[in-house]
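There are 2 protein chains.
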Amino acid sequence: MSDPKAAREAERLRVPGAAFLVSQVGSHSSRLWRERMARLDLDSREVVLLRHVAAAEGQSQQALAEALQIPASRMVALVDGLERRGLVQRRPIRGDRRVRALHLTPEGRRVLRKVMKASAEHEAELCAGLDPSEREHLIALLSRVAAEQGLATGVHPGVAEKQPSR
Amino acid sequence: MSDPKAAREAERLRVPGAAFLVSQVGSHSSRLWRERMARLDLDSREVVLLRHVAAAEGQSQQALAEALQIPASRMVALVDGLERRGLVQRRPIRGDRRVRALHLTPEGRRVLRKVMKASAEHEAELCAGLDPSEREHLIALLSRVAAEQGLATGVHPGVAEKQPSR
DNA sequence: TATTGTTATACTCTATAACTATA
DNA sequence: TATAGTTATAGAGTATAACAATA
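Heads up: the protein sequence lines correspond to chains A and B, in order. Sequential numbering from 1 applies to the first sequence in our numbering. Sequential numbering from 167 applies to the second sequence in our numbering.
Here it is as structure tokens:
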């Protein structure tokens, strides 16, 4: 206890650095957001897919699978679920009868608006303790780190990973 | 494209908020850190366990399982692996022959020092683009958010969740 | 022969619930 | 009867690879 070297080590364990904090708060943010999406009956990957389809309608499943870095076989079940709920639609394209182009339905667009509303509420909830300028500063610092770490804007690295089931 | 309402929505999709950024950078930080731990042949949960054992030696597996919020049956395999590698030791306690108290071995202590060294390197790597005062500011802001969100200091919410296998 | 989408299979990881031995 | 640790089992989720239709 009175060993100064051990005390320094204990201190290093006690005070979290930026790397730990961003991971801790990020995991928390992620969990809260997934809970909001679950209330809309959506999985995080389903949301990402909806947004990708909205951003560029008519892409093939293969193209989406490539963009999202997930195997094509996983895309099938993903699209199945969203199509069953009437949020996206598989449509044939002229010229190649193998391809199934993905489109958002009107209901899919409505749900996507709810997603954006819920995401905005999530942002407000997470930043409740910061005033607007502090929040802007946090965004600026994290954007710098993200850019310097080579992270693409708006692309979450966890999307391609396995999802915690809760 | 020229619809101002649609343009506003597109803008909202394009610029990430703090919640997304912290989750994105946090996930990236987490992945880099796990890669460093993997080089020491350690899983993130093994590291957490090592640190808990180091912080309070002689606890029972049940007590640890309780503290780490994982089922006792999972603790068994976790301890098995660490004991096989000679990092922790199960010891009987006097008075109750059911209990197996966990202790760090000298090798376990050496590995834990490597863990702390690797974590410090990870911190430096992640914050490479920030000067010291910016890093301190980021830490302060994230600490505020963490405290206001009710996150316990030094406790990562993802520990109890399933781990991405990579 | 190559490619799109699909289905089948086998594998990994997990929690739940028996089970053993002590208390 | 209850508890600490262990083992067995069954389920969820996944990637890999086989498959059918089309190019």
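Even for Gly, the Cβ is constructed at its ideal location relative to N, Cα and C.
- Taken in chain order, the whole beta strand (DSSP E) runs of length 3 or more contained in the region 70-108 of chain A are 88-93 and 96-104.
- Here the C-alpha atom of E289 of chain B lies approximately 23 Å from the C-alpha atom of P182 of chain B.
- Rounded to whole angstroms, the Cβ separation of L187 of chain B and V219 of chain B is 34 Å, and the two are not in contact under 8 Å.
- By a beta-carbon distance limit of 8 Å, L87 of chain A does not contact G58 of chain A. Their separation comes to about 16 Å.
- A distance of 8 Å or more separates the beta carbons of L42 of chain A and V159 of chain A.
- Contact of V214 of chain B with chain A by beta-carbon distance below 9 Å is absent, the smallest such distance being about 12 Å.
- Using a Cβ-Cβ cut-off of 8 Å, I70 of chain A does not count as an interface residue toward chain B, since no Cβ of chain B sits closer than that to its own.
- Less than 8 Å divides the Cβ of Q61 of chain A from the Cβ of R100 of chain A.
- Using beta-carbon distances, E148 of chain A counts as an interface residue toward chain B, with a partner under 8 Å.
- In the DSSP assignment, S60 of chain A is bridged to A:A101.
- When rounded, the separation of the alpha-carbon atoms in E212 of chain B and A63 of chain A is 38 Å.
- In the three-state DSSP reduction, A220 of chain B falls in the helix class (H, G or I).
- With contacts defined by Cβ atoms closer than 8 Å, S193 of chain B and P157 of chain A form a contacting pair.
- Judged by DSSP in its simplified three-state form, G129 of chain A adopts coil rather than helix or strand.
- By the neighbour-count criterion, in which a residue is buried when 16 or more other Cβ atoms sit within 10 angstroms of its Cβ, A318 of chain B is exposed.
- With a cutoff of 8 Å on beta-carbon distance, L215 of chain B and L248 of chain B are scored as near each other.
- With a cutoff of 8 Å on beta-carbon distance, A55 of chain A and R301 of chain B are scored as not near each other.
- About 37 Å separates the beta carbons of R310 of chain B and L78 of chain A, which is beyond the 8 Å limit, so they are not a contact pair.
- Among the residues of chain B, none has a CB under 8 Å from the CB of I93 of chain A; the nearest is roughly 23 Å distant.
- Per the coordinates, the alpha-carbon of H303 of chain B lies some 51 Å from the alpha-carbon of R263 of chain B.
- The Cβ atoms of S195 of chain B and L292 of chain B sit closer than 8 Å to each other.
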